[in-house]
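Taking the numbering used here, I'd label the letters of the sequence shown as residues 141 to 393.
Only one structure is covered here, and it is reproduced in the block below.
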Amino acid sequence: MNEHLIDTLLNRRTIRKYSNKIIDDKTIATILEAGIRSSNCGNMQIYSIIVTRDEQRKKELAKFHFNQSMVSEAPVVLTICADVNRFAKWCKKRNAVTDAYSNFLWFNIGTVDATIVTQTMCIAAEAMGLGICYLGTVTYMAKEIADFLKLPKGVIPITTITMGYPAENPLLTERLAVNAVVHNETYKDYTEEDIEQIYGEFEQLPQSVEYVKENQQQNLAQVFTNCRYKKDDSLLFGRNYFKFIKEQGFLDE
Ligand SMILES: Cc1cc2nc3c(=O)[nH]c(=O)nc-3n(C[C@H](O)[C@H](O)[C@H](O)COP(=O)(O)O)c2cc1C
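Shown next as structure tokens:
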């Protein structure tokens with residue numbers, strides 16, 4: 141067993157502050173190669189990875205991520221996209237069917253491929269002492285980010301990660317207990333008592349209590365629904381993303 145890797149996986153945390161240390165080209169190449177080595181659907185690699193390292197472009201890109209400081213401060217920002225464009229171009233050139241993948245199934249396949257390649261890059265980076273942060277804001281501002289990165293039709297951003305050597309060592313965040321998320325053989329739906337037990341433990345953590353107080357809410361669930369991920373925002377960003385998925389040609393069939 142590779143104990144170093146297991147140790148990395150069990151002790152990782154998101155890093156949002158980065159030192160000035162440059163990530164050399166060889167390290168970036170290794171991370172990209174490790175990601176690309178991942179499983180992917182049919183070995184078609186329905187994804188593309190856009191690397192942003194230029195200081196000025198990172199600053200501009202940060203605006204589309206609601207000015208989250210990681211984007212301008214990290215030495216490397218990766219935007220990982222579902223991409224049927226490249227494959228369809230090859231099919232066209234070889235007189236194969238060109239529009240087989242302009243549908244929702246392939247949006248999903250591209251999303252899974254893009255996510256797997258991303259997470260493998262994250263593990264590789266963390267195993268080499270780097271820190272990463274995922275940015276969900278990429279889907280909120282997908283159209284604007286796609287314009288900025290010059291993504292053609294058939295390509296849509298799925299996720300973004302910032303990457304750099306850590307300049308912080310945050311506490312390990314809590315997770316639900318393993319038996320709260322794992323079901324044996326069939327899904328065992330949660331009773332009210334289960335929910336009470338699973339989330340009750342979370343709610344009692346000192347950081348949760350502090351978080352509720354800071355946000356002036358009555359409980360932790362309300363911090364999520366009233367402050368962090370509001371229904372109106374979800375509807376707006378969800379509709380925008382859906383519209384853009386259509387515009388990019390993923391729902392043509
Ligand atoms: C899909 C996704 C989107 C995320 N978006 C953001 C983000 O926009 N900003 C941020 O600071 N962290 C973001 N994160 C990081 C999570 O907040 C973090 O993983 C979670 O709080 C658990 O903390 P840990 O990774 O340190 O264990 C995102 C993570 C994922 C997987």
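Beta carbons: idealized from backbone N, C-alpha and C, even for Gly.
Tell me whether the stretch 221-230 and the stretch 289-308 touch, counting them as touching only if at least three CB pairs, one residue from each stretch, are closer than 8 Å. Cβ pair count under 8 Å is three or more, so yes.
Considering only DSSP beta bridges, list what A222 is partnered with. DSSP, once it has assigned bridges, lists Y187, I296 as partnering A222.
Alpha carbon of Q388 to alpha carbon of L275, nearest angstrom: Those two C-alpha atoms are separated by around 21 Å.
Just to confirm the assignment, what range does the beta strand (DSSP E) spanning Y274 have? Where Y274 is concerned, the enclosing beta strand (DSSP E) stretches over 271-275.
I'd like to know if the stretch 173-189 and the stretch 198-212 are in contact, where contact means that at least 3 CB-CB pairs between them fall below 8 Å. Contact between the stretch 173-189 and the stretch 198-212 is absent: fewer than three C-beta pairs spanning the two stretches fall below 8 Å.
T192 - DSSP class collapsed to helix/strand/coil: Of the three classes helix, strand and coil, the one that applies to T192 here is strand, per DSSP.
Once DSSP output is grouped into helix, strand and coil, what is the label at G435? Residue coverage of the chain in this structure runs from 141 to 393, which leaves residue 435 outside it and unanswerable.
Does the beta-carbon of I146 have 16 or more other beta-carbons within 10 angstroms, so that it is buried, or is it exposed? In this structure I146 is exposed. Its beta-carbon is surrounded by fewer than 16 other beta-carbon atoms within 10 angstroms.
Just tell me which of D329, K283, T260 has its CA closest to the CA of F384. Closest by alpha carbon: K283.
Under a three-way DSSP split, which group does M261 fall into? Three-state DSSP puts M261 in a helix.
For K198, I'd like the list of residues in its chain whose CB is within less than 7 Å of its CB, leaving aside the five on either flank, ordered along the chain. The residues are T192, V211, S212, V217.
T255 (DSSP reduced to helix, strand or coil): T255 falls in the helix class under three-state DSSP.
For ligand 1, any of its heavy atoms closer than 7 Å to the Cβ of T192? Set against 7 Å, the gap from the CB of T192 to the closest heavy atom of ligand 1 is not smaller.
Between E336, T170, V252, which lies nearest to P99 when the distance is taken from Cα to Cα? Any answer about residue 99 is impossible in this case: the structure gives the chain only from 141 up to 393.
Would the beta-carbon of Q208 be found less than 7 Å away from any heavy atom of ligand 1? Indeed, a heavy atom of ligand 1 lies less than 7 Å from the Cβ.
Start and end residues, alpha helix (DSSP H) containing E170: Per the sequence shown, residue 170 should be read as Thr rather than Glu. Judged by DSSP secondary structure, T170 falls within the alpha helix (DSSP H) whose first and last residues are 165-176.
Taking C-alpha atoms, which residue in Q357, L375, D194, Y381 lies nearest to T299? Comparing Cα-Cα distances from T299 to each of Q357, L375, D194, Y381, the minimum goes to Y381.
Using beta-carbon positions only, say whether L360 and E343 come within less than 8 Å of one another. Yes, the pair counts as a contact, with Cβ atoms nearer than the cut-off.
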